[in-house]
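Position 308 of the sequence shown, counting from 1, maps to 303 under the numbering used here, and the rest follow consecutively.
What follows is a single structure, written as structure tokens, with notes after it.
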Amino acid sequence: MSKFWSSFVKDLVPYVPGEQPKLAKLVKLNTNENPYGPSPKALAAMQTELNDTLRLYPDPNSDLLKQAVARYYGVQGNQVFLGNGSDEVLAHIFHGLLQHDQPLLFPDISYSFYPVYCGLYGIKFDAVPLDEQFQINPADYAKPNGGIIFPNPNAPTGCLLALDAVEQILKASPDSVVVVDEAYVDFGGETAISLVDRYPNLLVTQTLSKSRSLAGLRVGLAVGHPDLIEALERIKNSFNSYPLDRLAIVGAAAAFDDREYFDKTCRRVIDSREQVVAQLQEKGFDVLPSAANFIFARHPRHDAAGLAAKLREQGVIVRHFKQERIAQFLRITIGTPEQNQALIDALGDL
Ligand SMILES: Cc1ncc(COP(=O)(O)O)c(C=O)c1O
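Here it is in structure tokens:
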């Protein structure tokens, strides 16, 4: 702390991201990155862009990428918003669309950045408990609110809410913005983007960090009614005109265009997930049903923090949250078959 800090900064509680270790040899299963590289076509597009034009600012509207996303999802360009990672997109959504008199609703166990944005933008919130099976119950959200946000599949549980249940939430709060954070949807969910033309209060966010393996590029997006998108553009153009650089625009657009590579790598992750779930269950773990590129598991006889420490000693890092209700769970990212085997071997004979 310093005398130069404003009282606002003194009171901020920032988000703590998963560790990015400096040791290269670790088996890194802690931040839900994709074990397979980005599309070779995305890499080639970025290499071509790596030239003298980098002296020029990028297109502030990132139209090339907007059009690629619009094509992919069968929507219009003015229904797409882009940002520097979906974290930035979410920040603008909280700032521009979720700051109201009534509290924002989100699950008690959810993406831990949501309460941080509430702190940053002075938004009241009400954490709605997941049910006993760690599922979202749509009826719990049918109450006065200034907005609703939840990841689908949820994080860190990995559990999926069916599209008709998402619709139930949308119908019960027609006067609030409902944000479905689909960071992990490509690993087993169905996107709610198919609903945006019917629900003007729906905003769907996605990221290229997971299923398109571009966490290092920082690209995220939102799809919704043009009026919602316009609010986000107003915030963005009052904050940073160029959130996406030239490499990000062409790389992300090429990644969207390369469906074949995307399908193949998602399939591999899903197949590995099913294998890891079976192996962990054999060792006595309870594993929540996952539609994501990670699983959330607990062992009835072994303390989660102890297990995480034991894994770390053997060079495997997973994520453990010291949070009520989930302190006995580990969140484990699905890696390559070799990485997954290293996890299973490191757990040993429990
Ligand atoms: C639920 C959820 N939403 C959003 C994000 C942010 O992703 P990014 O900023 O990399 O697009 C994450 C990252 O882990 C996440 O878990």
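All residues carry an ideal CB built from backbone N, CA and C; glycine is no exception.
Owing to the predicted nature of the structure, the values given are computational and were not obtained by experimental measurement.
Report yes if the CB atom of T202 is closer than 9 Å to the CB atom of S81, and no otherwise.
-> yes
Under the three-state DSSP convention, the category V111 falls into = DSSP, reduced to helix, strand and coil, places V111 within a helical segment of the structure shown.
What span of residues does the alpha helix (DSSP H) with G165 cover, start to end?
-> The question names Gly, yet the displayed sequence has Leu at residue 165. First-last of the alpha helix (DSSP H) with L165: 158 to 167.
C-beta atoms of A248 and Q62 nearer than 9 Å = yes
Quick one: grab the DSSP three-state call for K231.
-> helix
Under a three-way DSSP split, which group does K317 fall into?
-> Coil, per DSSP.
Verify the contact flag: G72, CB atom, against every heavy atom of ligand 1, threshold strictly below 8 Å.
-> no
Work out the CA separation of E277 and A19 for me, nearest whole Å.
-> 30 Å
V264 CB to nearest heavy atom of ligand 1 below 8 Å | no
Could you give the DSSP three-state label for D126: helix, strand or coil?
-> coil
In angstroms with no decimal places, state the Cα-to-Cα distance between R296 and S2.
-> 45 Å
Note down the Cα distance separating Y67 from L325, rounded to an integer number of angstroms.
-> 34 Å
Examine the Cβ distances between the region 222 to 231 and the region 29 to 43 and report whether three or more of them are shorter than 8 Å.
-> no
Give a single yes or no on whether L239 has its beta carbon closer than 8 Å to a heavy atom of ligand 1.
-> Checking every heavy atom of ligand 1 against the Cβ of L239, none is found closer than 8 Å.
Taking V8 as part of the beta strand (DSSP E), name the residues at either end of that continuous run.
-> Per DSSP, V8 belongs to no beta strand (DSSP E) and is neither H nor E.
Please find out if some non-hydrogen atom of ligand 1 comes closer than 8 Å to the beta-carbon of V111.
-> no
Reference G153, options V4, L306, I290, closest by Cα = I290
The beta strand (DSSP E) enclosing D96, as first and last residue numbers = First-last for D96: undefined, no H or E at that position.
Are L216 and V84 touching if we call contact CB-CB under 9 Å?
-> yes
Rounded distance between the beta-carbons of Y256 and V111, thought under 8 Å | The Cβ separation is near 34 Å, so there is no contact.
Neighbouring residues (CB closer than 6 Å to any heavy atom of ligand 1) | N27, G80, S81, D82, Y106, P146, A150, D176, A178, T202, S204, A210, G215
Residues near G13 by beta carbon distance below 6 Å, same chain, minus five either side | Around G13, the same chain offers N25, T26, R314 as residues with beta carbons nearer than 6 Å, after the five sequence neighbours per side are excluded.
Do the region 42 to 60 and the region 326 to 345 make contact, defined as three or more Cβ pairs closer than 8 Å?
-> With the rule of 3 Cβ pairs closer than 8 Å, the region 42 to 60 does not count as touching the region 326 to 345.
Taking the continuous beta strand (DSSP E) assigned at V174, which residues delimit it?
-> 173 to 176
Taking C-alpha atoms, which residue in E308, L275, F89, I104 lies nearest to Q130?
-> I104
At least three beta-carbon pairs within less than 8 Å, the region 52 to 60 to the region 232 to 239 = yes
Which one of F108, F101, L115 has the shortest CA to CA distance from H90?
-> L115
Residues of its chain near I339, where Cβ-Cβ distance is below 6 Å and the 5 sequence neighbours each way are ignored = Q274
For K23, three-class secondary structure by DSSP = strand
Quick one, are the C-beta atoms of I188 and V218 less than 9 Å apart?
-> yes
For D47, does the three-state DSSP call read helix, strand or coil?
-> helix
What is the rounded straight-line gap between the Cα of V191 and the Cα of K17?
-> 42 Å
Which of helix, strand or coil does DSSP assign to Q201?
-> It is a strand residue.
Quick one: grab the DSSP three-state call for I244.
-> helix
Give me the Cα-Cα distance between Q74 and W0, rounded to the nearest whole angstrom.
-> 39 Å
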